[in-house]
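Note that the sequence shown covers residues 1 to 377 in the UniProt record's numbering.
Ideal placement from N, C-alpha and C gives every residue a C-beta, glycine not left out.
Below is one structure, written out as structure tokens; the observations come after it.
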Amino acid sequence: MKSKPKKVILLDIFFQYLAQTGIKTYTENLLDQVEAYNGENYTFVIYPSREKILKNNFFKGKTARWKNWVFQLQYFSHKLIVLPVLSFWYKADLVLSPDILSPIYSRGKRVSVIHDAFFWESPEHYNALWRKIYLFLLQKSIDSGANVLTISHFAKGRISKYLRTSNPIEVIPTGLDLKVKAKTEKLVSPLSNPYFIHVGVMEKRKNIVRLIEAFSIFLKKVKKDYSLVLVGQRGPREALDDYGAILEEVKKHQLEGEVVFTGYLDEDALTSYYNSAEAYVFPSTNEGFGLPVLEAFSYGLPVIIGPQGALQEVGGDAVLVSKSFAAEDFSEAMLRISKEEETRQQLIALGFKRLSLFTGEKFFLSLLAYFNRSIDG
């Protein structure tokens, strides 16, 4: 009996040339699952190749404005011309765009993964013309039949307020293959003081200025030497970057000796900082999912977040939620973590349990089932 031909999934990863935050992590984890796939139902075509993107650093880091314009021209040309041609060349049954924007026309089904509502809710973070073109093309692609996936029910609720679509928006939570990292005494703490840690790009929405203010209040209450470790680089674009304001807040509270800026860390150095931290503090005001929460769980850290919908959805009962985004409330949560060992251990145990709900395998199996429904439906 002749076997059925495999369905062809064209996976567009062009945005990885520029991506530095959540979309990058989502796509990298998706690629890991695709490369491990040995099933008989699908053939995955990855374009451009992962190797080609890794070798190209032209658009990485804090780029000049002219480079941003070059990328945008290439990006829109890729979506409008190159990707549709590739879909016919490879006889694609489905074109998946993890970076939000699907082509307006292609062979097979089209799926956009929209991670959040930032384009609508935070227009000040984007070039006005680029944002206008992007949203115009996004709506055009949806109007011409592209389906929408998102990564949390919170994100779905926000996106639904702005996007006109006749097809239901489906939710498939991101999955990570994060193994639990056992604490080890062999790793010497990078600091002599106990410390809280935050890992991420220093963008305005990460609310790090408020975290520094909260840390200043906390120090006055705890009456013990503590540090705050900020791991990560400056925001990729001037409109997003909050590094200058963060430095000013540190100076304002005279915390130059207590707040540690590490910049980018390789995996070994990051593990060392995670291993000895008191807790992870994530005061972000706007997230579509919250991958850092899961990463902190994997290192056995209690996690403090603000009352932000996506983070609460991901963290469940395994996170300590500040009453508000006010610095005073964050300081109270930090104080509680520093004094209540029973609470710390309870959150750590719940974090390990919560982590098991967001595995790469569960994510990919849900995605394959979605492909099947989309292509055959």
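Taking the alpha carbon of residue i as the point to measure from, which residue in the options has its own alpha carbon closest?
| i | options | result |
| --- | --- | --- |
| L368 | I305, E287, D329, E40 | E40 |
| Y162 | A269, L135, L30 | L135 |
| S192 | L265, Q254, D329, S276 | S276 |
| A92 | K7, L101, H153 | K7 |
| S189 | A333, Y274, I169 | Y274 |
| I172 | R158, G157, G235, T150 | T150 |
| residue 378 | V229, A269, E238 | The displayed coordinates of the chain run from 1 to 377. Any statement about residue 378 would go beyond what the structure contains. |
| K52 | G290, G263, Q16, L80 | Q16 |
| R237 | T262, E203, S216 | E203 |
| D116 | G290, L335, R373, L350 | G290 |
| Y90 | F44, Y126, R131, R344 | F44 |
| A327 | F119, K220, I114, N127 | K220 |
| I114 | S160, E124, L80 | S160 |
| F371 | Y42, E341, S122, N68 | Y42 |
Is it the case that the Cβ atoms of residue i and residue j are separated by a distance below 8 Å?
| i | j | result |
| --- | --- | --- |
| K176 | F352 | One point to set straight first is that residue 176 is Leu, not Lys, in the sequence displayed. Cβ atoms of L176 and F352: not closer than 8 Å. |
| L347 | S298 | no |
| E287 | A318 | no |
| A333 | I375 | no |
Just to check my reading of the structure: residue i and residue j have Cβ atoms closer than 8 Å, yes? What is that Cβ distance to the nearest angstrom?
| i | j | result |
| --- | --- | --- |
| L10 | Y47 | 7 Å |
| S106 | L137 | Their Cβ separation, rounded to whole angstroms, is 13 Å, which puts S106 and L137 out of contact at 8 Å. |
| S97 | D12 | 5 Å |
Can you name, in chain order, every residue of its own chain whose Cβ lies under 8 Å from the Cβ of residue i, other than the five neighbours on each side?
| i | result |
| --- | --- |
| P292 | V199, G200, Y280, F282 |
| P307 | V321, S322, K323, S324, F325 |
| H153 | V171, E313 |
| T27 | I13, F15, Q16, A19, P98, D99 |
Identify, in the order they occur along the chain, each residue of the same chain with its Cβ nearer than 7 Å to the Cβ of residue i, setting aside the five sequence neighbours on each side.
| i | result |
| --- | --- |
| F14 | P48, Y75, H78 |
| T285 | R205, N207, G306, Q308, F325 |
| K156 | T150, I169, V171 |
| E249 | V209, I212, E213 |
DSSP has residue i in a bridge; who is on the other side?
| i | result |
| --- | --- |
| N147 | V111 |
| T165 | According to DSSP, which records beta bridges pairwise, T165 is partnered with nothing at all. |
| V250 | Its beta-bridge partners do not exist; DSSP assigns none. |
| S227 | Y195 |
| V171 | T150 |
Grab me the residues of residue i's own chain with a C-beta within less than 6 Å of its C-beta, minus the 5 sequence neighbours each way, in chain order.
| i | result |
| --- | --- |
| A245 | V209 |
| R110 | V95, S102, A146 |
| Y362 | In the sequence under discussion, the amino acid at residue 362 is Lys, which differs from the Tyr named in the question. The answer, listed in chain order, is G175. |
| I104 | K140, S141, S144 |
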